[in-house]
Each structure stands twice: as structure tokens, then as C-alpha cells.
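Engineer:
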Amino acid sequence: MVSTPSFDRIAREGVLFTNAFCPAPGCSPSRAAFLTGRQIWQIEHAGTHASSFGKQYRTFMDLLDEAGYHTGYVGKGWSPGNWKAGGREENPAGRSYRVKGKGYEAGFEAFLKERPKGAPFAFWFGSSDPHRGYQKGSGQASGKTLAQAEVPPFLPDTPEVRDDLLDYAFEVERFDRDCGKMLALLKETGDYDNTIIIVTSDNGMPFPYAKANCTEFGIHMPLAMAWKAGAPAGRSSKALLSFVDLTATIHEATGIK
């Protein structure tokens, strides 16, 4: 039902993790845990939903910025929440490079153009896909059929549910296309092979018994990572993995403490 060539490409060129889990089944605490490398119960308000993010909790984007990396994000950084209430001057994911009226890739292109020559960089792409709301019927309008919908056993198998799942699949594919556009920009700049690329999500599908619930469909995440110049390709790992482990890996690979 879903085609994700960009994600599949990163999985082929690096490693596919089949047992990756986010720290919380909601976006705000899950992202905060990933950014800080701390479990949600270790970061006070940042570990809850739509709250604040204290500046005493340093993110890997903060540390990379201090280490001379050019940092920024487009789309959804740490959100929802009020990061200013925590004393921060920027989103915990960095400086926003949103280009009004244009797609996500325009923000990444602006980020790359502003990058000082030769400087290392760290960029966070947080798509609003596949968050709700969806454009009803977009999945079928794209050519998908109700028969193709894969209905989880905890949802009623009705035409309405199947149609909703197709709309969700359409947005997953749109996210994947946006990823592909950014990977193409990396190719153009010559940075692709030496960039650590991580593709994942922050919580499960926005359906009953999934997102906002500590169930398999709420916290089990897709995850693929590639670093062509620094790690072998074509691997798959069944290791149990948390986003906090990802943060530690970023620290180790970049040399930040």
C-alpha cells in the first residue's frame, strides 16, 4: 500500500533497524528525549506534551552548534510546546529555515546556502506529514484502492477506515518524496557520502490504539541510518533500540560530549 523509495534507499546504503522504539507515544516528549539523550522522566516539563523545554537540558543540536557546526531545521522541530518559557532563544532543534510559501526542500536549500564554506552541519527535517488532518479522499485520488488498505486488527474493517488509511499512506509517501528532494540536494553539494542520515518518526500512526498509547503501534518506529563514508551498507539489525541510543551515537560519531 505504501511506497517509500527514499527510506528504502537509506536502508540499503546503511542499516535498517527493525526493533527501534521511541521514548513516548506522543511527539513533544518523544522529540525532547531524542534531542537531549535523556528519558522523558529525566527532563521535567520537556518530557510531557505541549509544555516547556528548560535551557538547562542541552540538545545535541545545541552542542553541535557550540562545536562549530552550522545547525538548523525546517518543518516541525520540538513541538508542540513553549520553548521560550524555558528561557530558550531558539527552538531546541535549532534555527528555523522555513521559506514562506515554499516546500520543505526550499528551507534546506536556504540552510545549505547560508552554511559557511567547509563548515560541518546538522539539519533537522520535521515533516508535518503524516500528522492529521488529512485531505479526505487524497489516497484514492492518488490511485490507491480500498482493497489495498492494510487494516490493523484493532480497527474495524469498514470502507471509511480503509479510506482513512489510504489518506495516511498518501501522506507517508509525500514525506518520503520530500526526503528524496533533500537527499538530491546533498548529492548536488557533494556532501551526501559524508553525511550521517537518519530517517525515523516520533510516534505511531494517528489512529485509535496507536498514537498516544504505549502499544506496538504507538511506539514501534521505522528507522534507517546511512553514513556511506563511515559505515558499511546493506545491513539489518534486530537489536532493541531507543531514540536515546541514537542521541548517544550522534555524540560519539561527531565527537561532542
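Under numbering that gives the first Met the number 0, the residue at position 204 of the sequence shown is numbered 203, and the numbers go up by one with no gaps. Each residue gets a CB set at the ideal place from its N, CA and C atoms; glycine is no exception.
Compute the Euclidean distance between the alpha carbons of V1 and K135, then round it to the nearest angstrom.
Structural biologist: Here residue 1 is taken as the residue at index 2 of the sequence shown, counted from 1. Here residue 135 is taken as the residue at index 136 of the sequence shown, counted from 1. Going from the Cα of V1 to the Cα of K135 covers about 17 Å.
Engineer: Taking all protein chains shown into account, do 16 or more other C-beta atoms lie within 10 angstroms of the C-beta of L245, making it buried, or fewer, making it exposed?
Structural biologist: One-based indexing of the sequence shown puts residue 245 at position 246. Buried.
Engineer: Are the region 85 to 98 and the region 51 to 70 in contact at 8 Å, needing three or more beta carbon pairs?
Structural biologist: Yes: at least three Cβ pairs fall under 8 Å.
Engineer: Suppose contacts are defined by Cβ-Cβ distances below 8 Å. Is F107 in contact with F124 by that definition?
Structural biologist: Walking along the sequence shown from the start, residue 107 turns up at place 108. Walking along the sequence shown from the start, residue 124 turns up at place 125. In this structure, F124 lies closer than 8 Å to F107 by Cβ.
Engineer: Are the beta-carbon atoms of V171 and V160 separated by less than 8 Å?
Structural biologist: The residue given as residue 171 occupies position 172 in the sequence shown. The residue given as residue 160 occupies position 161 in the sequence shown. Contact: no.
Engineer: What do you reckon, are the CB atoms on V24 and G203 nearer than 8 Å?
Structural biologist: As a first step, residue 24 must be located in the sequence shown, where it is residue number 25. As a first step, residue 203 must be located in the sequence shown, where it is residue number 204. With the sequence shown as reference, residue 24 is identified as Pro, and Val is not the correct amino acid for it. Result yes, Cβ atoms of P24 and G203 sit closer than 8 Å.
Engineer: Between the region 40 to 53 and the region 216 to 231, do three or more beta carbon pairs fall short of 8 Å?
Structural biologist: At 8 Å Cβ cutoff, the stretches do not touch.
Engineer: By Cβ distance below 8 Å, which residues in the same chain neighbour R234 in space, the five residues on each side in sequence not counted?
Structural biologist: The sequence position of residue 234 within the sequence shown is 235, counting from 1. Counting only Cβ-Cβ distances below 8 Å, and skipping sequence neighbours, we find G13, V14, L15.
Engineer: Considering I249, what are the terminal residues of the alpha helix (DSSP H) in which it resides?
Structural biologist: Position 250 of the sequence shown holds residue 249. Residues 242 to 253.
Engineer: With a floor of 3 residues, list each beta strand (DSSP E) that falls wholly inside the region 63 to 96, ordered by position along the chain.
Structural biologist: Whole beta strand (DSSP E) segments, 3+ residues: 69 to 74.
Engineer: My guess is that P22 and F242 are in contact by the Cβ rule of under 8 Å, so how many angstroms apart are they, rounded?
Structural biologist: Taking the sequence shown and counting its residues from 1, one reaches residue 22 at position 23. Taking the sequence shown and counting its residues from 1, one reaches residue 242 at position 243. Confirmed, about 6 Å.
Engineer: Leaving out the 5 sequence neighbours to the left and right, which residues in its chain are closer than 8 Å to S200 when beta-carbon positions are compared?
Structural biologist: For this step, residue 200 is matched to residue 201 along the sequence shown. These residues qualify, in order along the chain: C21, M220, P221.
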